[in-house]
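**Q** In this note's numbering, the protein residues as written are 396 to 1043.
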C-alpha cells in the first residue's frame, strides 16, 4: 500500500512540474514574439526565457523538475528528427546532387577534424574537463566536432522564403543543409557509441565495430517499422488532432523502445546496444516523405504542430543552461565559435571548388552553413543526459556556441544570396513585378481592373488617345499617348514588351491594336471587351480572349448555380484563396510527375495546358517546359509554387 501511495505521490509531483512548465511555455511563446520584433531569432527568445525561468534565476522550473520533464524533451527531439527527414525529398535534390555530395564530404571531414582538434585543446582550459583522462578528453572532442558539422534546415528555409530566393546556389545550400543533418545523425550514433566505449572501458576495442554495425542495422529496421506505423496513422480519415497526438506518441515510443533495448542488451549479452532514436525517426520520416501517398498529410501535421513543439523544446533547453559556466568560460565559447567558422570557410570553399561551381559561389560558399539550431541543440542535450557531471557543463558551452551561430548565421546567408543575385525581392521589401499589362482605354471599369491587377503585383500602364490633364497627372498609373495603331506608334511606349494587352475601346480600334500586336509583337495574351456580338469571329481568328458583356452576366450567374465554390474562388471572393496559371520554365521540373511535385498542403492542381490545349492530367502526368499549370490555394503558397516552377 505504501508503495502505491509513493507512486501516486510521484505522479502528482510530475503533474505539478508539468503544469508549472506549461505556464512558462505559454509565456515563452508570447514574450519571444515581442523579442522577434526586435529582430532577434525566435529560438533565441525561447532560450532566454527558459534561462530566466530556470533554477539559476527565478526558479519557476526547479532543478528537481528537469529530470522529470525529460520525456517532453524526447518527444520534441523525435519531432525535430521527423521534420528533418521530411525535408529529404529526393526529387528536389537530384539536380544538384554532385555539388551536394562533394560539399557534405568536405564539411564532414574538415569541420569534424579541425573542430575536434580545437575542442581537444580547449578541454585543457576548462576546469571540469582538464582533469579527465586522455581517452575521455578524446571522446569529448569527437562529440564536439560532430555537433559542429550540423546546420539548421528550418532557419535556412526561413531565410529562403523571406527573400524568395531561387537558383543553383540556393538549391545546393538547402540540399547540403538537409542531407548533412541526416549524415550527422548517423555519424553521431557512431561517435556516441565510441565515446561510451572510451569512457566506460578506457580504450578502443574491435568489438566496437561489430557493435556499431548491429546498432545501425537495428536503427534502419526500426525506421522501417516507424514508416509502417506512420502510414497506418495517416490513413485515418480526418481526425487531424488525433493524428498529431499519435505522431508525437510515436516519437516518445521510439525513445522508450531504444532504452528498453539498452537494458535488455546489457542484461543478456553484457553489452549496451545504443540505437539512436533520432536516426530511427529520421529514417521513418524519409520513407513517409518519399515512399507513401501520405506525404502532403504528413507535411501538414509537421507544419501545424511544429511551432508548439519548438516553444516547448527550446524553453526547456534554456532552463538547463548554467549561468556560471557561461559567464566564467565566455572565452571558450568565442574560441570554439571562431574555430568552427574558420573550419567551415576552409571546408566549403574547398568542396565548392572541387565540384566545379562558379568562382562567385566559391567565395560565399561557407555563409549558408554557419546557422545552427534544432538538431544541434538536440544532440547537445543528449550529452548532458548521457554523461552526468561534466556533461551538463559541456552542454552549456556547446549551447552558447550554437546561440552565437544562430544569431550570426541568417544575416550571412542573406548576404550570400544577394551576392549571387538569387534574391527575388526589391530593395524596399516588396515582391518583384513579374508581368507588364497595358490597358487601352480610360474609364471606371479600366481603373477598377488596373487596381485589382496592381494588388496582385502586376505592372499596369494605360494607353489613351486623348490623355487629358486629369488623366496624365494621376499619381497611380503611367499613362501613354496613343497616336496610332501601327506597330511604330505602339512601340513608342513599349507595347511590344507587354505580357498582356487589354483593349477596351471601340471594336474597330480594338481589332487594329490586336492585329498589330499579333503580327508584330507575338504578345502572349490579348484580351478584348466586345461591343458588338457580330465581331466575335474576327477576334477569335486572332486567338484573342473575348469578353462579351451581353452574355457574361448570364454565364456568371449560371456558374454560381452550377459550381458556386469554384466561381467564388475564380472571382477572388474567398479572401484567403486564389487561382493562378503558372508556366513551367524551370528545367529542374521537366519530366517530373505531378504526384512528385512537393506542393504546400493547401494547393491543388486544377489542370495542365500544353501547346494551348488542356490535357487530361493525373498523378503520373509528366510536366514539360512551357506547360501551363492552373492551381488554386492560398496566395502565399501559390507564390512559393510559382517561384519554383518558373525558376530563376
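Glycine included, each C-beta is placed from N, C-alpha and C at the ideal position.
To the nearest angstrom, how far is the alpha carbon of residue 554 from that of residue 809?
**A** Within the chain shown, residue 554 is the residue found at index 159, counting from 1. Within the chain shown, residue 809 is the residue found at index 414, counting from 1. When rounded, the distance between both Cα atoms is 7 angstroms.
**Q** Contact defined as beta carbons within less than 8 angstroms: I believe residue 693 pairs with residue 629. What is the distance between those atoms, to the nearest angstrom?
**A** Looking up residue 693 in the chain shown gives position 298. Looking up residue 629 in the chain shown gives position 234. About 6 angstroms; that satisfies the 8 angstroms criterion.
**Q** Take every Cβ of the region 450-466, pair it with every Cβ of the region 524-531, and state whether three or more of those distances are shorter than 8 angstroms.
**A** Touching, no, given that fewer than three Cβ pairs across the two stretches are closer than 8 angstroms.
**Q** Just to confirm, is the Cβ distance from residue 801 to residue 438 under 9 angstroms?
**A** Along the chain shown, one-based indexing puts residue 801 at 406. Along the chain shown, one-based indexing puts residue 438 at 43. Yes, Cβ-Cβ distance for residue 801 and residue 438 is below 9 angstroms.
**Q** For the region 790-800 and the region 767-778, state whether three or more C-beta atom pairs, one from each stretch, are separated by less than 8 angstroms.
**A** Yes, the region 790-800 is in contact with the region 767-778.
**Q** Is residue 678 closer than 9 angstroms to residue 615 when the C-beta atoms are compared?
**A** Numbered from 1 along the chain shown, position 220 holds the residue referred to as residue 615. Numbered from 1 along the chain shown, position 283 holds the residue referred to as residue 678. Going by C-beta atoms, residue 615 is nearer than 9 angstroms to residue 678.
**Q** What does a CB cutoff of less than 7 angstroms around residue 855 pick up in its chain, not counting 5 residues either side in sequence?
**A** Along the chain shown, read from residue 1 onward, the residue named residue 855 stands at position 460. Excluding residues within five positions, the ones whose Cβ falls inside 7 angstroms are 832, 834, 845, 848, 849 and 872.
**Q** For residue 587, which option in 786, 897 and 560 has the closest C-alpha, if you only look at C-alpha atoms?
**A** For the purposes of this step, residue 587 is taken as the residue at position 192 of the chain shown. If we check each option's Cα against that of residue 587, 786 comes out closest.
**Q** When the Cα atoms are used, what is the spatial distance from residue 584 to residue 1040?
**A** Taking the chain shown and counting its residues from 1, the one referred to as residue 584 is at position 189. Taking the chain shown and counting its residues from 1, the one referred to as residue 1040 is at position 645. Rounded to the nearest angstrom, the two C-alpha atoms are 38 angstroms apart.
**Q** What did DSSP end up calling residue 882 once you bin it into helix, strand or coil?
**A** Against the chain shown, residue 882 aligns to sequence position 487. Three-state result, residue 882: helix.
**Q** Could you tell me which whole alpha helix (DSSP H) segments of length 4 or greater appear in the region 487-547?
**A** Here the runs fully enclosed are 492-518, 522-525 and 529-544.
**Q** Among all the DSSP beta bridges, which residues are the ones paired with residue 988?
**A** Position 593 of the chain shown, counted from the start, is the residue given in the question as residue 988. Looking at the DSSP assignment, residue 988 forms a beta bridge with 1017.
**Q** Let me know if residue 761 comes out buried or exposed under the rule of 16 or more other beta-carbons within 10 Å of its beta-carbon.
**A** What you label residue 761 is simply residue 366 of the chain shown in a count that begins at 1. Result: buried.
**Q** Is it the case that the Cβ atoms of residue 998 and residue 1016 are separated by a distance below 9 angstroms?
**A** For this step, residue 998 is matched to residue 603 along the chain shown. For this step, residue 1016 is matched to residue 621 along the chain shown. No; because the gap between Cβ atoms is not below 9 angstroms, this pair is not in contact.
**Q** Which residues share a DSSP beta bridge with residue 974?
**A** For the purposes of this step, residue 974 is taken as the residue at position 579 of the chain shown. Beta-bridge pairing links residue 974 to 1027.
**Q** Whether or not the region 491-499 and the region 697-706 are in contact is what I'm after, with contact meaning three or more pairs of Cβ atoms, one per stretch, closer than 8 angstroms; do they touch?
**A** No, the region 697-706 is not in contact with the region 491-499.
**Q** Thinking residue 1000 and residue 989 are a contact (beta carbons under 8 angstroms), I'd like their distance in whole angstroms, please.
**A** Reading the chain shown from its first residue, position 605 is the one you call residue 1000. Reading the chain shown from its first residue, position 594 is the one you call residue 989. Rounded, the Cβ-Cβ distance is 6 angstroms, consistent with contact.
**Q** Once DSSP output is grouped into helix, strand and coil, what is the label at residue 859?
**A** Along the chain shown, read from residue 1 onward, the residue named residue 859 stands at position 464. Three-state DSSP puts residue 859 in a strand.
**Q** Which partner residues of residue 632 appear in the DSSP bridge assignment?
**A** Position 237 of the chain shown holds residue 632. Paired residues: none, contrary to the question.
**Q** When you compare only the Cα positions, how much space is there between residue 539 and residue 730?
**A** Numbered from 1 along the chain shown, position 144 holds the residue referred to as residue 539. Numbered from 1 along the chain shown, position 335 holds the residue referred to as residue 730. So the two alpha carbons sit approximately 13 angstroms from each other.
**Q** Within 10 Å of its beta-carbon, does residue 763 have 16 or more other beta-carbons around it, so buried, or fewer, so exposed?
**A** Your numbering for residue 763 matches position 368 in the chain shown. Burial call: buried.
**Q** Excluding sequence positions up to five away, which residues of its chain have a Cβ less than 8 angstroms from the Cβ of residue 610?
**A** Taking the first residue of the chain shown as position 1, residue 610 is located at position 215. Result list for residue 610: 584, 588, 668, 669, 670 and 671, in chain order.
**Q** For the alpha helix (DSSP H) containing residue 723, name the first residue and the last one.
**A** By one-based count along the chain shown, residue 723 stands at place 328. Element bounds for residue 723: 718-723.
**Q** For the beta strand (DSSP E) containing residue 835, list its first residue and its last residue.
**A** The residue given as residue 835 occupies position 440 in the chain shown. Its beta strand (DSSP E) spans residues 831-835.
**Q** For residue 444, collect the residues of the same chain with a Cβ closer than 8 angstroms to its Cβ; drop the 5 residues on either side in sequence, then sort them by chain order.
**A** For the purposes of this step, residue 444 is taken as the residue at position 49 of the chain shown. Contacts found: 419, 422, 423, 426, 427, 710 and 713.
**Q** Grab me the residues of residue 680's own chain with a C-beta within less than 6 angstroms of its C-beta, minus the 5 sequence neighbours each way, in chain order.
**A** Residue numbering aside, residue 680 sits at position 285 when the chain shown is read from its first letter. If we look at residue 680 and ignore the five residues flanking it on each side, its Cβ neighbours are 477, 480 and 481.
**Q** Taking buried to mean at least 16 other C-beta atoms within 10 Å of its own C-beta, is residue 905 buried or exposed?
**A** Here residue 905 refers to the residue found at position 510 of the chain shown. Under this definition residue 905 is a buried residue.
**Q** At 4 residues or longer, and completely inside the region 447-484: list those alpha helix (DSSP H) runs for me, N to C.
**A** Whole alpha helix (DSSP H) segments, 4+ residues: 460-463 and 465-481.
**Q** Using the DSSP secondary-structure output, state which residues sit across from residue 875 in a beta bridge.
**A** Stepping through the chain shown from its first residue, residue 875 is reached at position 480. Partner(s): 858.
**Q** By Cβ distance, which residues of its chain are closer than 7 angstroms to residue 803, with the 5 residues on each side in sequence left out?
**A** Residue numbering aside, residue 803 sits at position 408 when the chain shown is read from its first letter. Correct list, in chain order: 765.
**Q** Taking 9 angstroms as the threshold (C-beta atoms), are residue 442 and residue 716 in contact?
**A** As a first step, residue 716 is located in the chain shown; it is residue number 321 there, counting from the start. As a first step, residue 442 is located in the chain shown; it is residue number 47 there, counting from the start. In contact: residue 716 and residue 442 (Cβ atoms closer than 9 angstroms).
**Q** Please return the same chain residues whose Cβ sits closer than 8 angstroms to the Cβ of residue 737, not counting the five positions on each side in sequence.
**A** Here residue 737 refers to the residue found at position 342 of the chain shown. Cβ within range, chain order: 509.
**Q** Please state whether DSSP places residue 1002 in a helix, a strand or coil.
**A** Mapped onto the chain shown, residue 1002 falls at position 607. In this structure, residue 1002 counts as strand in the three-state DSSP scheme.
**Q** For residue 492, tell me which candidate among 569, 550 and 452 has the shortest Cα-Cα distance.
**A** The residue labelled residue 492 in the question sits at position 97 within the chain shown. Minimum Cα distance to residue 492 is reached at 569.
**Q** To the nearest angstrom, report how far apart residue 414 and residue 544 are at their CA atoms.
**A** Taking the chain shown and counting its residues from 1, one reaches residue 414 at position 19. Taking the chain shown and counting its residues from 1, one reaches residue 544 at position 149. Going from the Cα of residue 414 to the Cα of residue 544 covers about 36 angstroms.
**Q** Can you list, in chain order, the residues of its chain whose CB lies under 6 angstroms from that of residue 919, leaving out five sequence neighbours each side?
**A** Locating residue 919 in the chain shown gives position 524, counting from the first residue. Answer for residue 919: 894, listed in chain order.
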